[in-house]
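A.B. asks: I am attaching a structure below and will ask some questions about it afterwards.
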Amino acid sequence: MKSKGNAYFLIIIMVIMLAIIIQALRMEFYTSKLLPLILGTTVFILAAIGLAQEFMAGHKPEAPPDTAAPVDVVDKVEPGLRQHLPIASWIFGLALAIYLFGFIITIPVFIIAYMKSQGVRWLITILSAVLMTAFIYGGFAVLLRVELYRGLLFSWLGS
Amino acid sequence: MPLAEALEALKFYADPMMWLMMLAAVMITLTLGIIPGVGGMLALSLLFPFILIFPQQIGLVFAMVLITVGAQGGAITAILLNVPGTTPNAATLLDGFPMTQKGEAGRAIGAAQVSSGLGGIAGAIIALAMVPLILPMIMAIKISDMVLIIIMGLCFIGALVGRSVIKGLISGGLGLIVALIGFQPLTGILRFTFGLPYLWDGIRLIPIAVGLFAIPEMIGIAVRGGSIARTAAPLKGMSQLWEGARDVFRHWTVFLRSMLITYPIGIIPGIGANVSTFVCYAQAKQTSKHPELFGTGIVEGVIAPETANNGKEGGALLTTLALGIPGSVDWALIIGVVWMMGITPGPQMMTEHLPLSLSLLYGLVFANIIATTTCFFLAPQLAKIAFVPGAILVPLVLVMVFVGSFSSGEFYENIIVTLVFGVLGLAMKRFGYSRPSLLLGYVLGFLFESYFFHALRIYGPLFFTTPISLSIIILTVAVFSYNPMRKKIMARRMAKKT
């Protein structure tokens with residue numbers, strides 16, 4: 000098999016497409032079900048072909064040719080899943096903190112926590128946190144009149 | 000060229016705000032273009048909410064500048080630091096960095112900026128000249144033809160971006176399926192909402208865009224660690240820069256040949272700068288009197304790919320405006336911007352909204368002038384941006400990602416969508432699937448279904464038998480068959496030789 004990860008990815012796609020096809024068959028009107036059936040079936044078949052190619056190919060390293068990423072900066076040896084865990088934790092932690100405490104509290108705390116964990120100097124850390132919070136508040140809350148999410152805690156306290 | 004519309008388009012540039020926003024867009028995209036992994040597409044997806052508060056012409060020009068001139072900033076890192084700022088700059092470093100090693104960094108940068116800027120201007124002027132020629136063709140396009148045009152666009156982008164046709168088509172198909180979520184206008188039925196009111200209006204564009212493009216890139220930067228560059232080559236004065244600028248005129252045949260190659264490539268959907276820069280570099284080498292010098296630091300090796308970088312944008316813009324199919328993958332986001340402004344992307348851009356479309360072509364000319372001038376005089380200062388550590392960049396961009404995502408409708412669920420598409424984007428990047436194809440499929444999905452059923456009702460099941468539709472089918476099949484047939488012929492020739 001060329002790439003286990005890609006094989007699992009394709010299997011997940013096939014399972015999702017099957018679910019879409021089953022859901023589509025239950026829809027009432029043909030105009031509602033036609034396109035989901037056509038697309039679901041097409042992508043399912045394409046994924047199956049891709050999976051077959053994975054099994055038929057020998058052991059060759061998978062080249063990631065996504066053109067949204069610079070050629071030279073894409074690592075020649077792909078970092079393993081473990082190396083992604085720290086940053087993934089930070090990202091999910093940020094999302095959770097926003098949910099609980101809202102944007103205005105979370106933004107400066109996250110910036111300071113992340114930068115200090117990476118060894119950035121205090122001056123740059125504080126400056127970045129202050130400027131970014133000011134930009135978000137000024138740009139989104141004032142200019143775009145977006146009501147920034149207050150968080151579960153402050154919504155509960157406010158109610 | 001329809002004169003009245005051309006003059007009306009020019010009037011948009013009497014507004015000082017237009018120039019201010021163009022300058023801002025140039026500075027933002029040049030700055031971000033210097034940092035590998037962070038380019039115009041990321042900038043556009045982060046700045047989406049701001050674009051929509053401006054008048055249509057200003058917002059669209061701002062968005063267009065973000066994705067078209069960023070490669071000029073990327074050329075600076077490619078030449079000085081041997082790291083391509085954006086993917087299309089990968090060909091520039093073949094001779095750009097060796098020139099730096101020979102002490103000719105300024106000459107390389109001067110040549111890169113002038114050839115890129117002139118290429119962009121020439122491409123825009125050619126596109127302007129072509130407008131009167133393509134208008135009659137656009138008038139002939141029917142709804143049924145639009146169905147095939149969308150399929151062709153998705154097939155081209157899916158197949159020509161990246162190395163795997165299957166993966167590209169899967170990406171496009173996934174995008175089309177995502178577009179099906181929510182309320183279907185034709186029947187009033189809710190599809191794939193799983194009882195969640197949030198999904199009744201479908202999934203929003205901004206959370207998808209920032210999830211797909213920003214999160215995987217920030218994860219990549221965080222995992223790599225450090226800053227992009229650690230040592231810099233000095234840039235010695237302005238005299239070398241002017242020397243490089245003169246080189247473009249000395250080697251005007253290299254420039255011209257690159258334009259002749261890159262402009263048609265820009266017109267064809269899906270084939271972007273990544274292909275055209277290397278093709279132009281290869282042709283410059285093949286036609287040179289000294290091909291053995293390429294790769295050792297020769298200025299023609301910088302002029303050819305950099306001309307291609309911006310030279311293709313005029314053609315790509317024309318395809319995007321005329322057909323509603325992105326000329327290259329970056330333009331997929333522009334289609335999203337057009338759609339969010341309440342304009343239907345496609346032939347109507349060249350009929351009902353012709354002044355707006357022409358203003359974009361003018362904007363391409365002006366933006367290239369501004370970007371070239373800026374890069375020319377500020378190259379050493381801009382290069383310092385590559386030293387910004389990932390530890391500073393990553394948290395700032397992540398915060399922007401989540402705020403930008405939330406601001407689209409003010410739903411916390413947008414952040415969950417961003418996370419889901421962030422994971423999907425990471426997997427797609429790792430396994431070589433085309434993220435722009437997915438986004439394009441999503442953006443065009445709504446139109447596709449509408450055109451499809453209208454075509455069925457008006458023309459019946461044989462709606463695809465019009466001359467234009469049949470031509471599109473033949474062209475698509477020809478493009479898909481070309482590579483396998485070429486491989487078969489080459490294999491037969493090899494077998495005969497042995």
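Protein sequence lines, in the order shown, are assigned to chains A and B.
Following numbering that gives the first Met the number 0 from start to finish, the first sequence increments by one per residue and tops out at 158.
Following numbering that gives the first Met the number 0 from start to finish, the second sequence increments by one per residue and tops out at 497.
Cβ atoms here follow ideal geometry from the backbone N, Cα and C, with glycine treated the same way.
Which residues in the same chain have their Cβ closer than 6 Å to the Cβ of Ser257 (chain B), if we skip the five residues on either side of it in sequence?
C.D. replies: The residues are Cys279, Ala303, Thr306 and Ala307.
A.B. asks: With 8 Å as the threshold, decide whether the Cβ of Ala94 (chain A) is near any Cβ in chain B.
C.D. replies: Yes, because at least one Cβ of chain B sits closer than 8 Å to the Cβ of Ala94 (chain A).
A.B. asks: For Glu27 (chain A), return the contacting residues in chain B, with the cut-off set at a CB-CB distance below 7 Å.
C.D. replies: Near Glu27 (chain A) (Cβ distances below 7 Å), the residues of chain B are Ile188.
A.B. asks: Distance cutoff 8 Å, beta carbons only. Does Leu185 (chain B) sit that close to anything in chain A?
C.D. replies: Yes, because at least one Cβ of chain A sits closer than 8 Å to the Cβ of Leu185 (chain B).
A.B. asks: Hey, Val42 (chain A) and Ile165 (chain B): beta-carbon distance below 8 Å or not?
C.D. replies: No.
A.B. asks: Can you check whether the CB of Leu79 (chain B) is closer than 8 Å to the CB of Ala370 (chain B)?
C.D. replies: Not a contact, by the Cβ cut-off of 8 Å.
A.B. asks: Does any CB atom of chain B fall closer than 8 Å to the CB of Ala46 (chain A)?
C.D. replies: At least one chain B Cβ lies under 8 Å of Ala46 (chain A).
A.B. asks: If you draw a straight line from the C-alpha of Asp71 (chain A) to the C-alpha of Ile110 (chain A), how long is it?
C.D. replies: In this prediction, Asp71 (chain A) scores a pLDDT of 37, lower than 50, which makes its location untrustworthy; no coordinate-derived value is stated.
A.B. asks: According to DSSP, simplified to helix, strand and coil, what is Pro460 (chain B)?
C.D. replies: Three-state result, Pro460 (chain B): coil.
A.B. asks: Let me make sure I understand the geometry here. Which of A:Leu151, A:Tyr148 and A:Val141 has the alpha-carbon closest to that of Phe49 (chain B)?
C.D. replies: That would be A:Val141, whose Cα lies nearest to the Cα of Phe49 (chain B).
A.B. asks: Would you mind reading off the limits of the alpha helix (DSSP H) that contains Asn367 (chain B)?
C.D. replies: Segment Leu353 to Ala382, the alpha helix (DSSP H) holding Asn367 (chain B).
A.B. asks: By Cβ distance, which residues of its chain are closer than 7 Å to Leu22 (chain B), with the 5 residues on each side in sequence left out?
C.D. replies: Same-chain partners within the cutoff: Ile369.
A.B. asks: Answer yes or no: does any C-beta atom of chain B fall closer than 8 Å to that of Glu146 (chain A)?
C.D. replies: Yes, Glu146 (chain A) counts as interfacial toward chain B.
A.B. asks: What do you reckon, are the CB atoms on His250 (chain B) and Glu299 (chain B) nearer than 8 Å?
C.D. replies: Cβ distance < 8 Å, so His250 (chain B) and Glu299 (chain B) count as in contact.
A.B. asks: Among B:Val422, B:Ala110, B:Ile333 and B:Val274, which residue has its Cα nearest to the Cα of Trp241 (chain B)?
C.D. replies: Here the closest residue by C-alpha is B:Ala110.
A.B. asks: Mind pulling the alpha helix (DSSP H) runs of 4 or more residues that sit fully within the segment 402–479 of chain B?
C.D. replies: DSSP runs (the alpha helix (DSSP H)) wholly in the segment 402–479 of chain B: 412–430 and 434–458.
A.B. asks: So, for Thr40 (chain A): in the same chain, excluding its five sequence neighbours on each side, which residues have a beta-carbon less than 7 Å away from its beta-carbon?
C.D. replies: Once the five neighbours on either side are set aside, the close Cβ partners of Thr40 (chain A) are Ile20.
A.B. asks: Can you tell me whether DSSP reads Arg149 (chain A) as helix, strand or coil?
C.D. replies: Coil, per DSSP.
A.B. asks: Mapping the DSSP letters down to three states, classify Arg25 (chain A) as helix, strand or coil.
C.D. replies: In this structure, Arg25 (chain A) counts as coil in the three-state DSSP scheme.
A.B. asks: Using a 10 Å radius around the Cβ and a threshold of 16 neighbouring Cβ atoms, would you call Val476 (chain B) buried or exposed?
C.D. replies: So Val476 (chain B) ends up on the exposed side.
A.B. asks: DSSP on Phe191 (chain B), reduced to helix/strand/coil?
C.D. replies: Three-state DSSP puts Phe191 (chain B) in coil, outside helix and strand.
A.B. asks: State the Cα-Cα distance for the pair Pro196 (chain B) and Arg190 (chain B), rounded to the nearest angstrom.
C.D. replies: The straight-line gap from Cα to Cα measures roughly 12 Å.
A.B. asks: Excluding the 5 residues preceding and the 5 following Ala46 (chain A) in the sequence, name in chain order all residues of the same chain whose CB lies nearer than 6 Å to its CB.
C.D. replies: Closer than 6 Å at Cβ, skipping near neighbours: Leu9, Ile12 and Met13.
A.B. asks: For Pro346 (chain B), does the three-state DSSP call read helix, strand or coil?
C.D. replies: Coil.
A.B. asks: Evaluate His352 (chain B) with the Cβ neighbour count: other Cβ atoms within 10 Å of its Cβ, from every protein chain shown; 16 or more gives buried, anything less gives exposed.
C.D. replies: Its Cβ being crowded by 16 or more others within 10 Å, His352 (chain B) is buried.
A.B. asks: Using a C-beta cutoff of 8 Å, does Phe191 (chain B) count as contacting chain A?
C.D. replies: Phe191 (chain B) counts as touching chain A.
A.B. asks: What separation, rounded to the nearest whole angstrom, lies between the Cα atoms of Ile414 (chain B) and Glu448 (chain B)?
C.D. replies: Going from the Cα of Ile414 (chain B) to the Cα of Glu448 (chain B) covers about 27 Å.
A.B. asks: Determine the chain A residues that contact Val402 (chain B) at a beta-carbon separation under 7 Å, and present them in chain order.
C.D. replies: Here the neighbours are Phe102, Ile135 and Phe139.
A.B. asks: Compare the C-beta of Tyr197 (chain B) with all C-beta atoms of chain A and state if any pair is closer than 8 Å.
C.D. replies: With 8 Å as the cut-off, Tyr197 (chain B) does not count as an interface residue toward chain A.
A.B. asks: Give the residues of chain B in contact with Ile20 (chain A), contact being defined as C-beta atoms less than 7 Å apart.
C.D. replies: Residues of chain B passing the Cβ test: none, with the nearest at roughly 11 Å.
A.B. asks: Round the Cβ separation of Ala89 (chain B) and Leu357 (chain B) to the nearest angstrom and send it over; I've been treating them as touching at under 8 Å.
C.D. replies: With 8 Å as the limit, Ala89 (chain B) and Leu357 (chain B) do not qualify as a contact, their Cβ atoms being about 33 Å apart.
A.B. asks: May I ask you to report which of helix, strand or coil DSSP gives Phe182 (chain B)?
C.D. replies: Three-state DSSP puts Phe182 (chain B) in a strand.
A.B. asks: Give the residues of chain B in contact with Met131 (chain A), contact being defined as C-beta atoms less than 7 Å apart.
C.D. replies: Residues of chain B passing the Cβ test: Leu395 and Val398.
A.B. asks: With a 10 Å radius around its C-beta and 16 neighbouring C-beta atoms as the bar for buried, classify Ser404 (chain B) as buried or exposed.
C.D. replies: Label assigned to Ser404 (chain B): buried.
A.B. asks: Chain B beta carbons: is any one of them nearer than 8 Å to that of Phe8 (chain A)?
C.D. replies: Closer than 8 Å: yes.
A.B. asks: Going along the segment 44–69 of chain B in order, which residues come within less than 8 Å of chain A, judged by CB to CB distance?
C.D. replies: Residues passing the 8 Å Cβ filter: Pro48, Phe49 and Ile52.
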